[in-house]
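Here is the structure we will look at.
Numbering (UniProt numbering), first residue to last: 1 to 532.
The structure is reproduced here in structure tokens:
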């Protein structure tokens, strides 16, 4: 329910101008959609036209090879005039780099370039494809074995006198590049000619896709899913580009025409800026009108409650919401919230079985002591119930829980000062923390605790005697032992020594030198060297 004055005022003002805003945004959206639709149509059209122009080049080459194979002097490639005829034909066609004829074994028998004679092309993919299909083919980009440069080869097979003869024309990539530039002359965008392997046959780049030429070819091929269509390149950073593409007939190459979205939408953006300026002015007026009343009645109380919530989420369960701030709805919310936090504080810091502090509260308390009292001794006792598993297995969990609650009440009674803390460490293990107490004092304190528990005469099964506890103690200052976990480990070592010595006793971990720890037994006995 909208209850705050500021919210009501903002809602009314927004409802008043919502129709105007809606119409304006609809017009902006329609302009954008129309511009994109026109650009998509134009990109595919340009790609198709470019493919047709490139196809004309391939078609001229195919027609030329058909003419060449009909010339008797060339068909007899063993004759002396073959090279002369081929050179004359190639020199008259600026897009032809080389021409040649291969026999049925794929060996070049006649070539414009003399160094090409005798070279085998039988392993070339385009050659095998032309032989198997008995049709004109155009290769992908490959490295010429004579020129050692990237090139594209057109091949036309012919059956002559029972043998296969292959007529070849090597195309200049620079000529394809010139065609690409001419196609892109009236385009404020990019044009790429890419074969199926990702090789770039030609390009005219104004914007690019922020990648190398090789990577660009692979990116574009991944975008294309058909012989002709539309694709969108949307990088993580930078402007998206709309690509129209089409496949050049008789080849595996595609032509990509790219127009950046920014170019498409420039005029739309100008109109959008003007429209948004008017909307912004209206919106600012709404904000100013709503701010004054809403800050006091709505936002202020919400902000205060948010700060309180964050503190509680960070573990500060002592903080409370201000119950006197804001409208009546917020005051009631603050009261309910504070009751909830009080309940959560109890649940979060207390062990549900024994009512002692839980491990979470223990860790927080030790952290506070280590931070606030670096030079004050802190005595830590780790208390373990002897043979409790056997007790629990014999009497059952209900009796075991009752036993733990009884022992917890005794341990709680030894945390007498405000700074003392009795906690359940886990299972049948408890912890007693007493700031300001030396190891000897803590030993006497815990010996009294041990004797009191033994005196409860809670009988173990099968006449094994009363329930007892083993206690390990360490007393150290945070400055001497900066690592809290190390202090806990020392108390654990003393506890294990007490259990190993027969249980139902108190051992203290003492340090004479940092690397020489000792354990003492209470009541005093000769020193026992601790196990490291």
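Note that beta-carbon positions come from the ideal geometry of N, C-alpha and C, so glycine has one too.
{"Query": "Pick out whichever of 461, 311, 435, 402 has its Cα sitting closest to the Cα of residue 371.", "Result": "435"}
{"Query": "Roughly how far, in whole angstroms, is the beta-carbon of residue 97 from the beta-carbon of residue 170, given that I think they are within contact range, below 8 Å?", "Result": "4 Å"}
{"Query": "Could you check what DSSP says for residue 343 in three-state terms: helix, strand or coil?", "Result": "helix"}
{"Query": "Three-state secondary structure (DSSP) at residue 282?", "Result": "helix"}
{"Query": "Is the beta carbon of residue 109 less than 8 Å from the beta carbon of residue 77?", "Result": "yes"}
{"Query": "Around the Cβ of residue 45, are there at least 16 other Cβ atoms within 10 angstroms (buried) or fewer (exposed)?", "Result": "exposed"}
{"Query": "Buried or exposed for residue 340, going by 16 or more other Cβ atoms inside 10 Å?", "Result": "exposed"}
{"Query": "Would you call residue 368 buried or exposed, if buried means 16 or more other Cβ atoms sit within 10 Å of its Cβ?", "Result": "exposed"}
{"Query": "Would you decide whether residue 125 is buried or exposed? Buried here means 16 or more other CB atoms lie within 10 Å of its CB.", "Result": "exposed"}
{"Query": "Can you tell me whether residue 98 is helix, strand or coil according to DSSP?", "Result": "strand"}
{"Query": "Could you check the C-alpha separation between residue 381 and residue 456 for me, to the nearest Å?", "Result": "20 Å"}
{"Query": "So, are the CB atoms of residue 104 and residue 121 less than 8 Å apart?", "Result": "no"}
{"Query": "Consult DSSP for residue 417 and reduce its assignment to one of helix, strand or coil.", "Result": "coil"}
{"Query": "Based on DSSP bridge pairs, tell me the residues matched to residue 225.", "Result": "According to DSSP, which records beta bridges pairwise, residue 225 is partnered with nothing at all."}
{"Query": "Use the C-beta contact count for residue 271: other C-beta atoms within 10 angstroms, 16 or more gives buried, fewer gives exposed.", "Result": "exposed"}
{"Query": "Is residue 216 helix, strand or coil when you go by DSSP?", "Result": "helix"}
{"Query": "Less than 8 Å between the beta carbons of residue 397 and residue 461, yes or no?", "Result": "no"}
{"Query": "In angstroms with no decimal places, state the Cα-to-Cα distance between residue 307 and residue 484.", "Result": "31 Å"}
{"Query": "Is it right to say residue 199 is buried, meaning 16 or more other beta carbons lie within 10 angstroms of its own, or is it exposed?", "Result": "buried"}
{"Query": "Whole angstroms is fine: what's the gap from residue 467's alpha carbon to residue 492's?", "Result": "20 Å"}
{"Query": "Could you spell out where the alpha helix (DSSP H) holding residue 132 opens and where it closes?", "Result": "125–133"}
{"Query": "Quick one: what's residue 160 bridged to in DSSP?", "Result": "163"}
{"Query": "Which residue's Cα is closest to the Cα of residue 533: 210, 196, 190, 214?", "Result": "Any question about residue 533 goes unanswered here, given that the chain covers just 1 to 532."}
{"Query": "From the DSSP output, in three-state form, read off residue 512 for me.", "Result": "Confidence at residue 512 is low in this model, with a pLDDT of 42, below 50, so the placement of that residue should be treated as unreliable; the coordinate-derived value is given next. Of the three classes helix, strand and coil, the one that applies to residue 512 here is strand, per DSSP."}
{"Query": "If I measure Cβ to Cβ from residue 166 and keep anything under 6 Å in the same chain, skipping five residues before and after, which residues do I get?", "Result": "102, 155, 157"}
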